[in-house]
Amino acid sequence: MPDTPYTADEMMTIAAARMLRNGAVCFVGIGLPSAAANLARLTHAPEVVLIYESGTIGSKPDVLPLSIGDGELAETADAVVSSVEIFSYWLQGGRIDVGFLGAAQIDRFANINTTVIGDYKTPSTRLPGAGGAPEIAASSGEVLITLRQTRRAFVEKLDFVTSTGHLDGGNSREQFHFPGKGPTAVITDLGILTPDPVTKELTLTSIHPGVPLEKVIEATGWPLKVAPELRTTAPPTENELRVLRDLQARTARAHADEL
Amino acid sequence: MPDTPYTADEMMTIAAARMLRNGAVCFVGIGLPSAAANLARLTHAPEVVLIYESGTIGSKPDVLPLSIGDGELAETADAVVSSVEIFSYWLQGGRIDVGFLGAAQIDRFANINTTVIGDYKTPSTRLPGAGGAPEIAASSGEVLITLRQTRRAFVEKLDFVTSTGHLDGGNSREQFHFPGKGPTAVITDLGILTPDPVTKELTLTSIHPGVPLEKVIEATGWPLKVAPELRTTAPPTENELRVLRDLQARTARAHADEL
Amino acid sequence: MLQLSEAIRQHVHDGDVVALEGFTHLIPFAAGHEIIRQGKRGLTLIRMTPDVIYDQIIGSGCAKKLIFSWGGNPGVGSLHRLRDAVEKGWPQPLVIEEHSHAGMVTAYAAGAAHLPFGTLRGYLGTDLPKHNSNIRFIECPFTGERLAAVPAIRPDVTIVHAQKADRRGNVLMWGVVGVQKEAILAAKRAIVTVEEFVDRLEAPPNSVVLPSWIVSAVCQVKGGAFPSYAQGYYKRNNAFYKQWDKIAVDRDTFKSWIERHVTGTKDFDGFRRSLNQEAERA
Amino acid sequence: MLQLSEAIRQHVHDGDVVALEGFTHLIPFAAGHEIIRQGKRGLTLIRMTPDVIYDQIIGSGCAKKLIFSWGGNPGVGSLHRLRDAVEKGWPQPLVIEEHSHAGMVTAYAAGAAHLPFGTLRGYLGTDLPKHNSNIRFIECPFTGERLAAVPAIRPDVTIVHAQKADRRGNVLMWGVVGVQKEAILAAKRAIVTVEEFVDRLEAPPNSVVLPSWIVSAVCQVKGGAFPSYAQGYYKRNNAFYKQWDKIAVDRDTFKSWIERHVTGTKDFDGFRRSLNQEAERA
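Residue numbers (the numbering used here), protein chains in the order written: chain A, 273 to 531; chain B, 273 to 531; chain C, 34 to 315; chain D, 34 to 315.
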C-alpha cells in the first residue's frame, strides 16, 4: 500500500493502464481511455503505439488532449493520416490490437451505449453519438472499456446499442464474423469485470482495495456475478501515482488558457 | 506555310496539341499524347493542367518523360498523390476534362485495343494491356486519341476491346451511363477524324496539308467516311515547330544517359 | 481570392446541402459565422463531428437537417442548441441522420470517387440501422459476406479552413487533415478560407494540396478557425469551448451572444474584436 | 534491420502470393534479384506495372501466375520474357489475370481495408471481363446502378523500396508513391529495402510513413531500385531499360545475363559491380 492516499478515479485509471501491454497498438478514445493509455505509455509500456481517431499514429503527447484532435497529438506522432485512411486501412484493416473505449451505459454482455438515454426520438439525455466506437468494437483485436460504475451506467437493458460487445452472450457475437474478439475487460472505479469464458457475462474478477463488495453490487443494474476467487486489485504504486498526477498537473496547466 | 519542312509525325503532334484548350484538365497517356499535351502547354495553352496516372497533378516537365512516372513529373507537379487517389478521386471522381490516349488498334467507333493482336490466348502480338485506358475512356469529360494511321491500326474489327469509345455507334454508349461523352477526335499523321454527331462513326473532317485523300482511305481498314466539307489542317507554324523541336532535342539529351 | 462574405453569398444558397468539415483542427468558424450573418435557411448540414460552430448555426435557425456521427463539445459536454433543436424544435425542428465515423468517411470517400455508395465492415449488431434507412447491407459478389453500405455524400458546397494558399489559389493544409480533401472532392462547389496567401506554397512532397481548379473560392481569414486551431499558427482556445457551455445552455443567453458578436458585427475581425472588448470589460 | 537475403529467406516461400510494387519509381530490383538468386518457385506475382524486374523473375522460372494491369518496358516496348512464358510456356507456363489500373488500385485498397471486394466504375464495354472471372458486376443498394467489383488483393508478402528508415524501423518514402502503402497494408508480411538508415526520419507532416510495426523487415540496399530511380538519390537509368530489350529478346542471351550478373553474384552490390565491369570491358 502506498503511503499516499489516492482517489477511486486514480485507482480506475491506474488499473486500466495496467491492462495495456507494452508494444500493443491501441486505438484510444478520448477522456478516461486516453488518460489510462498515456499513463501506460509513461510507466510500464513505453513501446505502446497510441492511435487517435483524428488520424494520429504513434502519438506521444506530453499532456492529455482535451479533444481527440489536439495539435499535441499530431506533433508527437510518427504519422498523421486522413480520416478515411485511419478508419478504413488501420482500424478496419485489422491493424489495431486493443480498442480502448469509454461508455455512458453498458450492459452485462459489455454492449455499450453512447447515443441516447431514453427513447431515441424523445430522449431524456442526448449523448454525442457513435463516433468511432461501433467499428472500434468490431475490428480491434480486443476491447477494453473504462467508466465509473453506477446503477445509471451499468444497466439491465441499454436504451440504445451503439457498439456491439458480446451481444446476447454465449456465441451470439460470432454471427457477425467480426475480426476482433470483443470486450475482454471493463475497468471501473470499483473493480475489474471480465466476461465469463462461456456465457460472456461480465463477472467481477477483481475488486479495488478498500471497496466493499456490496458497493459494487449496488452500483450494478443487474444481479452481478462475482468470481469465486475474487482478487483484490494491487493498489497504485508510488510511481504510478506520481506519474499520473504529474501528467494531470501538466494537463491542467496546459489547458488553463485564457479566452 | 512555314519555310521549314516538317514531318508527318510533327504535323500529328502539333494538330493533336491544338485540340487541347487552355485551362483544360488533361489526363495524359505516355508517348504521343504526352508530347502533344506538353507542346500545347508550351504554346497556346499555358494553363492546361497535366495529370499523369503515376499520381502527378499539374506536372510541368521540361523534357518529355520516358516513363509515366519519371521524377521530372513529380518534381514539377502541384501535388503528387497515391495511385488509389488518382484513379478513384480524380479520374473516376469526374475531375478530368480531357483524357488523352494512344492506341495500337482503333475501330470506326473509336473503340480501342491496347491488349493483344490476334487471339487472347495465342496472340500474334501481346501488347502491354489496359493500364489506365478503360477508365480514362469512361470517366474523362471527353477523349482525344492520337496514333499513326495504317491499315493495321485502323481495323474493321478490334481483336480486343480494351477501352470503350462509341461502342456500336449511335446511342449505344449511353447504356453504360458513363460520365464522359467519349472520343471527340482522333488525330493521326494524315488527318483528323471526328465522330459523326448521330451515327458516331469516325469521319475524316480535316486532312493534313499535302496528304492525298486516297492515302488516308488506303490507310483505313474500313470504308472511310469523308466529310462533305473536308478541311485542310493548318500547317505547323514556325513557333509550333520550334517549340516542339526544342522539346524533343532537350528530351533526347536528357535521356541519352550512359549505363 | 474573394471576400468571404461574397463567397458565401455566391456559393451557399438556402436549402443547400452544406458540409463545413474539420476534425477538431482547422474548423471553419469564420465561414460558419458568415452563414449565420447572411441568414441562410433550410440548410442540410453534414459533418462527422458537429461541434460549437454547428451549435451556433443550428441555434440561429439556418438548418433543417443534420447528417453526422458524433455531436458534442469536445472535452466539455453536450451541444445545447443542437439538443434543443432536435428535442424541442427550437428555433426550428432539426431532422437528424446518424452514422458512425467509419460510415461517414466511407460515404465521403464514395462521394469523392463518384460512386453511388461505399462499403464497410460496420454497424452490425448496433441500433443505428433501425433509425437510419441510409444504412443498408449488401453481399460480397465473391465471398457472400454481409457488409454495410452507405450512400455517397455529395454536398452542394463544402467549406474548409487551411493554413495557406499561393497567389494562383492552390491550397496547402497539414496536421490533422480529417476528411477535408474528400469533402471538397465530393462537393459541387468548394470554399476555402486560409490563414495567409504566400508567393510560393513550398509544399513538401505528397502533402495535402488542393489545386486551385477544384476550389470555387479561396478567402483569406486570419485566425478563421478560432476557437479551434491552425497548426503552425495558433493553438486551440480550450477556454472558449468551456465557456460556450454556459452561453449555449440558455436560449436567451445564446441569442444575445449571437446578436452581440456575430450578427451584430461585420465580419470575423469584428467578431474577434467584439469578443475581446467583452473580455476586457469583464 | 536484416540482410536482404535473410529477409527474403524468412518471408518469401515457394508458392507464395507476392507483390513487388513501385510505379516506375522505387522499384525493388534488389529484392527481385534475391528472389531469383534463392530460386523461389511457384510464385503468384502481383503488380500493376510488371516491368523489367518481373521479366527477370518470370524468365528465371520463379512464377506460375501474374496478376497485373500493364505489362511492358516503359517507353521501350514489350517484355520478352513475360511474353515467352505466356505464349510459349518458357521456362514454364504463366497464367495471367488481367485488370485495368483502376481495377488493381481498387483491389489493393480493398485488401488494405480488409474488405472482401472493391467497387469501381470500370470495365464496362470492354473485353476484360470475358477473360477474367474476377471482374464481376453488382448493383448499388440505393440507386440500382450497375458497377464493377473486384476481389481484394491480399498478398502473402509485399516488397517495396523506399528512401529511408530510422533506427526504430519507421520508413519514409516520397515522390511517386504509387500503390505501395496499400500493397503493404494489404499484405500478411512486408519487406522494405531502403537507401539509408538515419537517426531521425524528419518526415514532413502527412507524408507517407510506414510505422515499423507494420513492416516485417527493413533492409538497407543502397541503390536498390536501380535501374529505376529513387527521388532525391539517383535518376532513372533509361539506358538500362533500352538495353534490356536486346538482352531479353533471346532466351540464351537472357539466361547468360542472369547467370553472369544475378545468380553468379552474391548480392546487389555484386550485381552492380559485375554490370560495371562488363560496361568497362565493352
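Note that beta-carbon positions come from the ideal geometry of N, C-alpha and C, so glycine has one too.
Below 8 Å on the Cβ atoms is my guess for Leu496 (chain B) versus Val483 (chain B); work out the distance and round it to an integer in Å. About 13 Å separates the two Cβ atoms, so there is no contact after all.
Residues of the segment 290 to 312 of chain A with Cβ closer than 9 Å to any Cβ of chain D, in chain order: Gly295 and Val297
Exposed unless 16 or more other CB atoms sit within 10 angstroms - verdict on Thr475 (chain A): buried
Do you know how far the Cα of Gly136 (chain C) is from the Cα of Arg290 (chain B)? Linking Arg290 (chain B) to Gly136 (chain C) through their CA atoms gives a straight-line distance of about 45 Å.
On the DSSP bridge list, what partners appear for Leu106 (chain D)? Sequence check: residue 106 (chain D) is Asn here, not Leu. Note: Asn106 (chain D) sits in a beta bridge opposite D:Gly110.
Any C-beta of chain D within less than 9 Å: which residues of the segment 348 to 361 of chain B qualify? Val352, Val353, Ser354, Ser355, Val356, Glu357, Ile358, Phe359 and Ser360
Taking only beta-carbon positions, decide if Tyr392 (chain B) is within less than 8 Å of chain D. yes
Within this structure, are the beta carbons of Arg74 (chain D) and Cys95 (chain D) separated by less than 8 Å? Closer than 8 Å, so yes.
In this structure, does DSSP put Met206 (chain C) in helix, strand or coil? strand
Using the three-state DSSP reduction, which class does Phe223 (chain A) fall into: helix, strand or coil? A query on residue 223 (chain A) cannot be resolved here, the shown segment of chain A reaching from 273 to 531 and no further.
What do you get for Gly177 (chain D), buried or exposed, if any count of 16 or more other CB atoms within 10 angstroms of its CB means buried? With fewer than 16 other Cβ atoms within 10 Å, it is exposed.
Can you list, in chain order, the residues of its chain whose CB lies under 6 Å from that of Met206 (chain C), leaving out five sequence neighbours each side? Ala195, Gln196 and Val241
Entirely enclosed beta strand (DSSP E) segments - the segment 470 to 504 of chain B, minimum 3 residues: Here the runs fully enclosed are 474 to 479 and 497 to 504.
Assuming the contact rule is C-beta atoms closer than 8 Å, Gly257 (chain D) and Pro61 (chain D) should be a hit. Round their C-beta distance to whole Å, please. 7 Å
Could you give the distance in angstroms between the alpha-carbon of Val251 (chain D) and the alpha-carbon of Val225 (chain D)? 5 Å
For Asn385 (chain A) and Val321 (chain B), what's the separation of their Cα atoms in angstroms? 49 Å
Taking a contact to mean a Cβ-Cβ separation below 8 Å, would you say Val317 (chain D) touches Ile68 (chain D) in this structure? In the structure displayed, chain D extends from 34 to 315; residue 317 (chain D) sits before or after that span and is not available.
Proximal chain B residues relative to Ala318 (chain D), where beta-carbon distance stays under 8 Å: Here chain D covers residues 34 to 315 and nothing more, so residue 318 (chain D) does not appear.
Cβ pair Leu345 (chain B), Asn383 (chain B) closer than 8 Å: no
Stretch pair the segment 369 to 379 of chain B + the segment 404 to 420 of chain B: three plus CB contacts closer than 8 Å: yes
Are the segment 124 to 133 of chain C and the segment 100 to 109 of chain C touching by the rule of at least three beta carbon pairs closer than 8 Å? With a cut-off of 8 Å, the segment 100 to 109 of chain C and the segment 124 to 133 of chain C count as touching, because enough Cβ pairs lie within range.
Tell me, to the nearest whole angstrom, how far the beta carbon of Ser261 (chain D) is from that of His66 (chain D); I am working on the premise that it is less than 8 Å. In this structure Ser261 (chain D) does not touch His66 (chain D) by the C-beta definition: roughly 13 Å separates them, more than the 8 Å allowed.
If Tyr141 (chain D) and Ile186 (chain D) are in contact, beta carbons under 8 Å, what's the gap, nearest whole angstrom? 5 Å
Please return the same chain residues whose Cβ sits closer than 6 Å to the Cβ of Thr397 (chain B), not counting the five positions on each side in sequence. Ile389
So the candidates are A:Lys332, A:Ala526 and A:Glu512; which of them puts its Cα closest to the Cα of His316 (chain A)? A:Glu512
Runs of 3 residues minimum, wholly inside the segment 409 to 468 of chain A: which ones carry the beta strand (DSSP E) assignment? 414 to 418, 455 to 459 and 463 to 467
Expressed to the nearest angstrom, what Euclidean distance is found between the alpha-carbon atoms of Glu501 (chain B) and Leu519 (chain B)? CA-CA distance, Glu501 (chain B) to Leu519 (chain B), rounds to 34 Å.
I'd like to check one pair, Glu325 (chain A) with Gly295 (chain A): are the Cβ atoms closer than 8 Å? no
Start and end residues, alpha helix (DSSP H) containing Gly92 (chain C): Val85 to Gly92
Please classify Ile79 (chain C): does DSSP put it in a helix, a strand, or coil? strand
Using beta carbons (cut-off 8 Å, strictly below), is Gly371 (chain B) in contact with chain D? no
Residues bridged to Thr226 (chain C) [DSSP beta-bridge criterion]: C:His194 and C:Cys252
For His449 (chain A), does the count of other Cβ atoms within 10 angstroms reach 16, so buried, or fall short, so exposed? exposed
Short Cβ contact (8 Å threshold) for Ala216 (chain C) with Ala52 (chain C): yes
Along chain C, in chain order, which residues have C-beta atoms closer than 9 Å to that of Val241 (chain D)? Pro238 and Asn239
Say whether the segment 457 to 475 of chain A touches the segment 391 to 409 of chain A, bearing in mind that this needs 3 or more beta-carbon pairs closer than 8 Å, one atom from each stretch. Because the criterion of three Cβ pairs below 8 Å is not met, the segment 457 to 475 of chain A and the segment 391 to 409 of chain A do not touch.
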